[in-house]
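Shown next, in C-alpha cells, is the structure this report addresses.
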Amino acid sequence: AQSVTQPDIHITVSEGASLELRCNYSYGATPYLFWYVQSPGQGLQLLLKYFSGDTLVQGIKGFEAEFKRSQSSFNLRKPSVHWSDAAEYFCAVARYNNNDMRFGAGTRLTVKP
Amino acid sequence: DSGVTQTPKHLITATGQRVTLRCSPRSGDLSVYWYQQSLDQGLQFLIQYYNGEERAKGNILERFSAQQFPDLHSELNLSSLELGDSALYFCASSGRGGNTEAFFGQGTRLTVV
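In order, the protein sequence lines correspond to chains A and B. Under the numbering used here, the first residue of the first sequence carries the number 1, and numbering increases by one thereafter. Under the numbering used here, the first residue of the second sequence carries the number 114, and numbering increases by one thereafter.
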C-alpha cells in the first residue's frame with residue numbers, strides 16, 4: 001500500500017520567514033498527492049493537489065509544492081509565513097483507481113512573532 | 114463549509130458501549146472515507162465506501178464497522194468501546210472519476226470514560 005512520511009514533527013519559524021515542509025511518499029505508480037492544513041479543533045482543508053502535468057503546483061493562502069519523482073517527494077513551501085499559518089499540515093497520497101488516501105503523521109507549524 | 118456534515122459533534126460514552134457516527138457527504142460525491150485521529154496514532158485511514166460498496170479498508174478494528182446507504186450517507190459503528198477509542202473521527206467525501214480530492218467534515222469527538 002502507498003505510504004507517506006513527514007520527517008518533521010514540529011517546525012518553528014519566524015513570521016515573515018520562508019517555510020518548507022517535507023513529504024516523502026512510497027507508491028509504485030504515479031501518485032495523487034495532496035497537502036491539507038488543520039487548525040485546532042477544525043477539520044482538514046485542502047491547500048493544493050498534484051495529479052499530473054506541471055510539477056510545481058500553486059495552492060491557496062500562498063502555498064506551493066513541487067513534485068519530484070526522482071526523490072519521491074512533494075515538499076510544501078511558502079515564501080513568507082504569516083502568524084495565521086500556525087497549524088498542523090498533512091501530506092497525503094492516493095491511488096486513482098482506489099481513492100485510497102493515506103496521510104502522513106503531520107507537521108505542526110509554530111510561528112514566532 | 115466543506116459541505117460534509119458529521120453528527121454528533123461530541124459524544125461521551127462509557128466503556129463497553131456502542132455508538133454510531135453519521136456522515137452526510139457533499140452533494141453528488143460517491144466516495145465516503147472514515148478516519149480516526151488520535152494523539153498517539155495520528156490520522157489513520159479506517160475505511161472507504163464508493164456508491165454503497167466497500168472500496169478500501171485500512172486500520173479498522175473488528176469492533177468497528179461502517180456502511181454507506183442508498184442515499185450515500187454513511188455510518189460508522191463502534192462497539193465494545195475502550196478508553197483507547199477516544200479520538201476525533203473524521204468523515205470525508207470525494208467525487209467520481211479522476212478527482213480524488215477529499216473534503217472533510219468537522220469531525221466527531223468521541224470520549225470514552
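Glycine included, every Cβ here is placed at the ideal spot set by N, Cα and C.
Output needed for residue i: all residues of its chain with C-beta closer than 6 Å, excluding positions within five of it in sequence on either side, in chain order.
{"i": "Thr120(B)", "result": "Arg135"}
{"i": "Glu88(A)", "result": "Gln38, Gly106 and Arg108"}
{"i": "Arg222(B)", "result": "His123 and Leu201"}
{"i": "Pro7(A)", "result": "Arg22"}
Confirm, please, whether the CB-CB distance from residue j to residue i is below 7 Å.
{"i": "Gly218(B)", "j": "Asp142(B)", "result": "no"}
{"i": "Phe74(A)", "j": "Ala86(A)", "result": "no"}
{"i": "Val225(B)", "j": "Leu194(B)", "result": "yes"}
{"i": "Ala105(A)", "j": "Phe34(A)", "result": "no"}
{"i": "Arg168(B)", "j": "Ser192(B)", "result": "no"}
{"i": "Thr5(A)", "j": "Asn24(A)", "result": "yes"}
{"i": "Val57(A)", "j": "Leu48(A)", "result": "yes"}
Report, in whole angstroms, the separation of the C-beta atoms of residue i and residue j, which I expect to be a contact under 8 Å.
{"i": "Gly165(B)", "j": "Gln149(B)", "result": "Not quite, the Cβ-Cβ distance comes to about 22 Å (not below 8 Å), so this is no contact."}
{"i": "Val145(B)", "j": "Pro138(B)", "result": "5 Å"}
{"i": "Leu156(B)", "j": "Phe103(A)", "result": "4 Å"}
{"i": "Leu76(A)", "j": "Phe63(A)", "result": "6 Å"}
{"i": "Gly256(B)", "j": "Phe216(B)", "result": "Lying before the first or after the last residue shown, residue 256(B) is absent from chain B, which here runs from 114 to 226."}
{"i": "Lys61(A)", "j": "Leu19(A)", "result": "Actually they do not touch by this definition, with Cβ atoms about 11 Å apart."}
Tell me which same chain residues have a C-beta within less than 8 Å of the C-beta of residue i, skipping the five on either side of it?
{"i": "Asn97(A)", "result": "Note that Asn97(A) has pLDDT 49, beneath the 50 cutoff, so the model's placement of it is unreliable and no number is given."}
{"i": "Arg95(A)", "result": "Gln2, Tyr27, Ala29, Pro31 and Tyr32"}
Run down chain B in chain order and give the residues with a C-beta less than 8 Å from the C-beta of residue i.
{"i": "Gly106(A)", "result": "Gly155 and Leu156"}
Give me, in chain order, the residues of the same chain whose beta-carbon lies closer than 7 Å to that of residue i; leave out the 5 immediate sequence neighbours on both sides.
{"i": "Thr12(A)", "result": "Thr110 and Lys112"}
{"i": "Lys170(B)", "result": "Ile160"}
{"i": "Ser14(A)", "result": "Lys112"}
Which bits of chain A does residue i rub up against, with CB to CB less than 7 Å?
{"i": "Gly218(B)", "result": "Gly43"}
What does residue i reach in chain A if we use C-beta pairs closer than 8 Å?
{"i": "Ser115(B)", "result": "Gly43 and Gln45"}
{"i": "Phe203(B)", "result": "Gly43 and Leu44"}
Whose Cβ in chain B lies nearer than 7 Å to the Cβ of residue i?
{"i": "Arg102(A)", "result": "Phe158"}
{"i": "Lys49(A)", "result": "Glu214"}
{"i": "Phe90(A)", "result": "Leu156"}
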